[in-house]
Amino acid sequence: VYLPLGRLLEQQRQFDEALTLYDEAARQTDDQAYFDHLGSTLLIEQGRYTEALQRVESIVQHDPADVEALGKLGYIYIELQRWPEAEATFRQALPYHPVSSQLFYWLAYALEHQQRWQEAVQYYQLVEHPPVLKKEALVRLSVVYTRMNALEQAAEMLEHLLELDQSDVRVFLQLAGLYQRSQRYDDALSTLKRGIRLHPKVDDLYYSQGVIFELRGQRKGAEEVMRATLSLNPQHVGALNHLAYIYAESGDHLDEALEMARQAAHLAPHAAVLDTLGWVYYRRGDYELAR
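Sequential numbering from 91 applies to the sequence shown in the numbering used here.
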């Protein structure tokens, strides 16, 4: 009776009531771990990681071979950014499930965030199933290779990923960013054009093109692409900021540049955005406002 009633309370979003019910059930049964699992899952789904941690640690204390509990415990440590403890927990779970791609992935993730790049690469490469997790492992591998400054290997990972699946815009953007970092601007533009053909309504693909045109000193191309970005998303901070800066540099369209720079600063008052606004004021001769 406790179980279906608890599920019903969860469906009605009465989470604390469901949790109280599971705790009561745990006290009345020999299988306390079962209801502790239900309660901890409920807490994790709500992002209440510190509360969930106590319950899961209790399960592991009573049964160090509970792989499900170890997986939850490691995940909670990751959410709390307690990387060494996450690593230790996933290593504890591996002997009980030595071919688990999910354990390989999260162990690699914990190692990556400790900047232990080679070890992270080793475990990301072991991830095979399911396909969605394999895809995420390839994405993380590209990030790790980038941190190692192995840009060619990072690009190879992303190109391989695009051969498998071209539905993720993020991969086109990451690959273009790698080519941009290596000053392979033609390859970066080609990648973004491939992305735009498949995803013509994604503003960041156009914006990234504009950044590359600007780096190459192609002002007209940068201006056109930034305007295309704003036609898709009038509140795209990057496009507003870059276009305002282009006009401040050239001294053209300063009224429009001021409007765009003010809007960008209102949306995201970051240092680079405020710098652009100050530069527009300066070019207009509003020196006090610029300062």
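Cβ atoms here follow ideal geometry from the backbone N, Cα and C, with glycine treated the same way.
Alpha carbon to alpha carbon, how far is residue i from residue j?
| i | j | result |
| --- | --- | --- |
| Leu93 | Arg237 | 47 Å |
| Glu314 | Gln215 | 41 Å |
| Arg172 | Gly328 | 33 Å |
| Trp132 | Asp120 | According to the sequence as given, residue 132 is Leu; it is not Trp. If you take the alpha carbons of Leu132 and Asp120, they lie about 21 Å apart. |
| Gly96 | Ala116 | 12 Å |
| Thr140 | Glu175 | 14 Å |
| Glu169 | Asp255 | 28 Å |
| Leu99 | Leu111 | 9 Å |
| Lys225 | Ser191 | 12 Å |
| Gln104 | Gln136 | 12 Å |
| Leu348 | Val301 | 20 Å |
| Asp345 | Gln102 | 53 Å |
| Phe303 | Asp277 | 13 Å |
| Arg260 | His152 | 42 Å |
| Gln208 | Glu158 | 27 Å |
| Thr106 | Pro154 | Here the sequence assigns Asp to residue 106, which means Thr is not the residue at that position. Computed Cα separation, rounded: 28 Å. |
| Leu282 | Pro220 | 28 Å |
| Tyr165 | Leu268 | 30 Å |
| Ala252 | Val292 | Ala is not the amino acid found at residue 252; the sequence shown has Leu there. Rounded to whole angstroms, Leu252 to Val292 spans 17 Å at the Cα level. |
| Ser340 | Arg284 | 31 Å |
| Ala338 | Leu223 | 45 Å |
| Gln273 | Thr366 | 24 Å |
| Arg433 | Arg138 | No answer is possible for residue 433: it lies beyond the span of the chain, which begins at 91 and ends at 381. |
| Ser194 | Asn239 | Correcting the residue identity first, residue 194 is Phe in this sequence and not Ser. About 23 Å. |
| Gln118 | Leu109 | 15 Å |
| Tyr186 | Leu201 | 20 Å |
| Asp376 | Leu364 | 15 Å |
| Gln353 | Pro324 | 10 Å |
Considering Cα atoms alone, identify which of the options is closest to residue i.
| i | options | result |
| --- | --- | --- |
| Tyr167 | Tyr199, Ala155, Pro188 and Ser191 | Tyr199 |
| Leu320 | Gly267, Leu344 and Asp294 | Asp294 |
| Glu242 | Gln270, Tyr195, Glu147 and Leu128 | Gln270 |
| Leu228 | His219, Gly267, Leu248 and Asn239 | Leu248 |
| Pro290 | Pro359, Tyr124 and Phe262 | Phe262 |
| Val234 | Tyr195, Val211 and Asp258 | Val211 |
| Asp113 | His127, Tyr337, Asp153 and Pro324 | His127 |
| Ala142 | Glu158, Lys162, Asp153 and Pro154 | Lys162 |
| Trp196 | Gln205, Pro185, Thr179 and Tyr296 | Thr179 |
| Gln392 | Asp106, Ser148 and Ala108 | Because the chain is modelled from 91 through 381, residue 392 falls outside the range shown and cannot be assessed. |
| His332 | Gly341, Ala358, His343 and Tyr297 | Tyr297 |
| Phe125 | Ala266, Ala155, Val91 and Ser257 | Val91 |
| Arg287 | Ala312, Ser257 and Ser340 | Ser257 |
| Leu330 | Asp342, Glu339, Ala355 and Gly311 | Ala355 |
| His343 | Gln325, Arg138, Gln204 and Arg374 | Arg374 |
| His203 | Glu177, Pro324 and Asp156 | Glu177 |
Under three-state DSSP, which class holds residue i?
| i | result |
| --- | --- |
| Leu252 | helix |
| Lys291 | coil |
| Glu100 | helix |
| Gln192 | helix |
| Gln208 | helix |
| Met238 | coil |
| Glu346 | helix |
| Leu379 | helix |
| Arg260 | helix |
| Gly341 | coil |
| Leu216 | coil |
| Val91 | coil |
| His356 | helix |
| Arg274 | coil |
Rounded to whole angstroms, how far is the Cβ of residue i from the Cβ of residue j, which I believe are closer than 8 Å?
| i | j | result |
| --- | --- | --- |
| Gln299 | Leu322 | Rounded, the Cβ-Cβ distance is 12 Å, inconsistent with contact. |
| Tyr275 | Arg306 | 6 Å |
| Tyr371 | Ala380 | 4 Å |
| Ala351 | Ala334 | 4 Å |
| Ser130 | Val146 | 5 Å |
| Leu265 | Ala245 | 6 Å |
| Ile336 | Ala312 | 6 Å |
| Gln182 | Leu160 | 6 Å |
Contact criterion: CB-CB distance below 7 Å. Does residue i meet it with respect to chain D?
| i | result |
| --- | --- |
| Leu143 | Although the question refers to chain D, the structure presented lacks it and comprises just one protein chain. |
Exercise for the section: Could I get the ranges of all uninterrupted alpha helix (DSSP H) runs contained in the region 103-186, with 4 residues as the minimum, in chain order? Expected result: 105-117, 122-135, 139-152, 157-169 and 173-183
Handout entry: Inside the region 293-338 only - alpha helix (DSSP H) runs reaching at least 4 residues
Key = 293-305 and 309-322
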